[in-house]
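> Chains as they are written, first to last, in full-length UniProt numbering: chain A, 1 to 275; chain B, 1 to 823. A virtual CB, placed ideally from N, CA and C, is assigned to each residue, including glycine. Owing to the predicted nature of the structure, the values given are computational and were not obtained by experimental measurement.
1. Excluding the 5 residues flanking residue 151(B) on each side, which residues of the same chain have their C-beta closer than 8 Å to its C-beta?
2. Listing by chain order, which chain B residues have their CB less than 8 Å from the CB of residue 192(A)?
3. Beta-carbon separation of residue 562(B) and residue 539(B) under 8 Å?
4. Which of helix, strand or coil does DSSP assign to residue 107(A)?
5. How about residue 363(B) and residue 225(B): are their beta carbons less than 8 Å apart?
6. What does the alpha-carbon distance come out to for the pair residue 824(B) and residue 250(B)?
7. Starting from residue 589(B), find everything on chain A with Cβ-Cβ shorter than 8 Å and list it in chain order.
8. If I follow the unbroken beta strand (DSSP E) through residue 52(B), where does it start and stop?
9. Relative to the C-alpha of residue 697(B), which residue among 676(B), 661(B), 772(B) is closest?
10. Suppose the cutoff is 7 Å on Cβ atoms and the five residues either side in sequence are ignored; what does the same chain contact list for residue 803(B) look like?
11. Three or more C-beta pairs closer than 8 Å, one from the segment 84-102 of chain A and one from the segment 182-197 of chain A: is that the case here?
12. Since residue 102(A) meets chain B, which of its residues come closer than 7 Å, beta carbon to beta carbon?
13. In angstroms with no decimal places, state the Cα-to-Cα distance between residue 491(B) and residue 570(B).
14. What beta strand (DSSP E) runs, 3 residues minimum, are completely inside the segment 66-101 of chain B?
15. According to DSSP, is residue 154(A) helix, strand or coil?
16. Less than 8 Å between CB atoms is the rule here; does residue 718(B) satisfy it with respect to chain A?
17. Alpha carbons only, please: which of 166(B), 161(B), 106(B), 428(B) is nearest the one belonging to residue 138(A)?
18. Just the chain B side, please: which residues come within less than 9 Å of residue 316(A) by C-beta, in chain order?
19. Counting Cβ pairs, one atom from each stretch, are 3 or more of them under 8 Å apart for the segment 492-508 of chain B and the segment 105-119 of chain B?
20. Within 10 Å of its beta-carbon, does residue 254(A) have 16 or more other beta-carbons around it, so buried, or fewer, so exposed?
21. Please determine, among 707(B), 754(B), 159(B), 655(B), the residue with the shortest C-alpha to C-alpha distance to residue 777(B).
22. Between residue 23(A) and chain B, is any beta-carbon pair separated by less than 8 Å?
23. What ranges does the alpha helix (DSSP H) occupy inside the segment 231-272 of chain B, keeping only unbroken runs of at least 4 residues that lie completely in it?
24. Within 10 angstroms of the Cβ of residue 37(A), are there 16 or more other Cβ atoms? Answer buried if so, exposed if not.
25. Starting from residue 85(B), find everything on chain A with Cβ-Cβ shorter than 7 Å and list it in chain order.
26. Cutting at 6 Å between CB atoms, please list the residues of its own chain near residue 765(B), excluding the five before and the five after it.
27. Just mark residue 142(A) as buried or exposed, buried being the case when its beta carbon has 16 or more other beta carbons within 10 Å.
28. What residues match up with residue 213(B) in a beta bridge as DSSP calls it?
29. Tell me, please, which residues DSSP counts as bridged to residue 750(B).
30. Would residue 181(A) be called buried (16 or more neighbouring beta carbons within 10 Å of its own) or exposed?
31. Helix, strand or coil: which one does DSSP assign to residue 300(B)?
32. Mark residue 90(B) as exposed unless 16 or more other C-beta atoms lie within 10 angstroms of its C-beta, in which case mark it buried.
33. Between residue 116(B) and the ligand GDP, is the CB less than 7 Å from at least one heavy atom?
34. Taking the alpha-carbon positions, what's the residue 77(A) to residue 219(A) distance?
35. Among 136(A), 152(A), 155(A), 168(A), which one has its Cα closest to the Cα of residue 278(A)?
36. For residue 71(A), report the span of its beta strand (DSSP E) as first-last.
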């Protein structure tokens, strides 16, 4: 099938290495700080708390002491093929930019119907039930002018820190360059990750690290089989984690065994179980 | 026109067609969207000139480098610095959210204040700095005039060795009180252990990055141990490239499937508090198989073999002790870890090239057990991993200058002769610096508090001490409390007077040797923004306060301001020669191998060096290659001591006063005196009835929640899972099997009761929890601060029934007997 984004020049995407991810949550905090995300007094109601980047805790479900926990950090997947949110938006408030692959959100167009929220299979969209945050605390003093604070009644989501792309482009033009280099534009979560678990780059550029990483047999995507073609990839050497990437029926999942990649032998469980 | 059927249909069709053609409805929808979004209260952040300020994070003793983005005078984001040696680019979530601690006004004291409401109610009225100084100084000089300066006490949470803590100690001495106490930290355990086994006073230096086998006994490597930016960076590095060819293996010893335990290559789960026994079991296998580093053991250690002392008495050595009492089968009974696993751990440890055994208890903000540390350090010695790349390094202490000697006046010298309230450093606790739990007990039990005036610096002992709420009750008895906290924390709310510090982003301050770092580093944080409110750097406050007290105390502080003191101390860095004040990410500090005095300095004069430190925020000496053995160990034997002569001496000294049996009992030791000099395992003495309290409660720490004296930035509550905190209830993680015994389902509301008290929590069924243990998260349950943090969950410290660690006397906070009762 022809992909809708084949003719775009750039296709930004990320690979999150679950082996490196420590589950610390710095990406979530960095994202909220970068993008003026609202903070509320009670943030334990996860359906109403806004987290463009959110950690999902997963477990291998085995009994003590064979239990393992891990995390899926989940930004917007920036689906590349008919993003479900885009096709349902009645106000054209969200669209897939064919030139960058970024799924945008235009707050002033959003009428707050929350159809997109219902359509998103990843739960990556959030509705502003309240205004930015409690008044009179002086917390508006840390808001960045690069991202407009949202108002009550609109939906918001991860934008791959679009403002950073604009910034990188502006800098490149100022230096009389047409192209931005790999690493000049990365998202706030990529930059913040203290374990360097996130790699960000142009999936159309074979030289970029992300393009190499996505070919790896340990790399997978969430709910890959619904055909939304996400541009966020995950990478793990642990089989049980890869298996949780989709709703496999018994027998549907085939473990990765001894595949060659980049002239190196890989085995499926070099980590924990055989150690 | 008459309304006929025909006309009606024409009008309807015409209308529908017209609406399709006109843009009006679409325009109206669009406009409504815009109109309903133009609320005057939606902030429009002002723009201006963008800039970056490099500084150092001072929220924990880790001291990561931070770059703060600014727009004009506003700080808008904190990011990790790539040009800082500790953390090449990353910081922890607490550091990332730091701006909320600066700008959330309801968390902070906006100026000096006097309490007007009841204690703990948090009602204050603003006063001037002059009034505040007059009130404290009046109280203190009154006590000095009465000749009872020892009734002044200070709780200081600033990390050991920082300039502000040096000044606070100096103030206490000048005033004449020995009662300077600190909240416990893992660094206390490291300090005592290193003193006893190595005779060194240098902070613990684990060369993690160069290690190929990290055997962590309880250190929460991914829970915030050490400098989180450093450890997590190492974690990423360890997992770079092909996992089948991974160079470094990580083994986590911990009773719960924490992030570190789950993400490690191997997880071993002994019963809480038995880590030391497990280490000795591993030592047994290593010694029995003869695979220990015989060169290190014979040339550079003492106390391994049995021996005869000068008085002709035979003493058993470490080898005999371990071979007799810690076989895998014996250890399996204590720890619950199978003999097979113990053997495989030993095999992994000896077959690695540069293994290191790391000791810790979660983050570094609570103490560990001295004998456990000694057991783990014995493993490093057996493998020869001491003074070797990838193991435990023994650099020189950081060469900061001492402040000029302090001459105290008659009142002070009399006061200083009074015994410390906490008995630290006495024959009973010969190696301890400060025992805040004892301090609490003395005050709690007294009819009239021996402390009249308590000064609290950078600490919130009301909340952070694992003492079953003991410090709170002690505070209630103390007549006059002064807090220097920038935040409206629980302890500050009990105070009569607040002399608020500026936050770490508004002041100059130093970070001395981040916990666990393998090379000396002196960090300097600087004001990123001008102080927002009428606050003052506590360093300056101490100097000004000393002058307000009286001339004699004031003369101990002949400096203009805090910054001058920083420079006086930093003079030593310059005099010591070799040091760097800038960092190139291409040559990580742990990769550089420099001999002797360190690298060629990057500066020629002190001023040049100081300028470099101020702009870069660092002075450091990269990792040195293994050092000459000569004079390396400053123990009585001049060697690494498996069997500590200092402990032997201490027991003997004490036995000369009272009987040996009584001495050992008072020191909390249940074994013979030979064994007491070495790492060994003793079951904690809880003295509680296990039929009444069948379970154990273990507090646990998370990297995404601040559990120390710093409040959590509200952003962090986004990262907390709904099975850790839901509305106002936090969760106890327990194993489904344990829960089944009490017929408890996920989310059930229960009371966890210990002899010290009870807390109400919900149940989280967690396979990763050891059966029989109730795990409660630390960091929830604040009764102070604002609506973001207040009344969310419970603080497990409130029900901790802490025993005393043998010899050190530090609290054993990991062994509270509890029961669960359904609410």
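Result, derived from the coordinates:
1. For residue 151(B), same chain residues with a beta-carbon under 8 Å away, outside a window of 5 residues either side, are 143, 177, 450, 451, 452, 453 in chain order.
2. 79, 80, 90, 91, 96
3. yes
4. In the structure shown, residue 107(A) sits in a helix (DSSP, three-state: H, G or I).
5. yes
6. This structure does not reach residue 824(B), given that chain B is present from 1 up to 823, and the question cannot be answered.
7. Those within 8 Å of residue 589(B) in chain A number zero; the least Cβ separation is about 17 Å.
8. 50-56
9. Ranking the options by Cα distance to residue 697(B), first place goes to 772(B).
10. 684, 685, 686, 812, 815
11. no
12. Simply none; closest approach about 21 Å.
13. 33 Å
14. 74-80
15. coil
16. For residue 718(B), the answer is yes, since a Cβ of chain A falls inside 8 Å of its Cβ.
17. Shortest Cα-Cα distance from residue 138(A) to any of 166(B), 161(B), 106(B), 428(B) involves 106(B).
18. With chain A represented from 1 up to 275, any question about residue 316(A) goes unanswered, as that position is not in the structure.
19. yes
20. exposed
21. 707(B)
22. yes
23. 259-263
24. By the beta-carbon neighbour count (other beta carbons within 10 angstroms, threshold 16), residue 37(A) is buried.
25. What residue 85(B) touches in chain A: nothing, since even the nearest Cβ is about 15 Å away.
26. 736, 739, 746
27. Residue 142(A) should be labelled buried.
28. 249(B), 355(B)
29. When DSSP reads this structure, residue 750(B) sits in a beta bridge with 761(B), 822(B).
30. exposed
31. helix
32. buried
33. This structure simply doesn't include the ligand GDP, nor any ligand for that matter.
34. Cα-Cα distance, rounded: 15 Å.
35. As displayed, chain A neither begins before 1 nor continues past 275, which places residue 278(A) out of reach and without an answer.
36. 69-74
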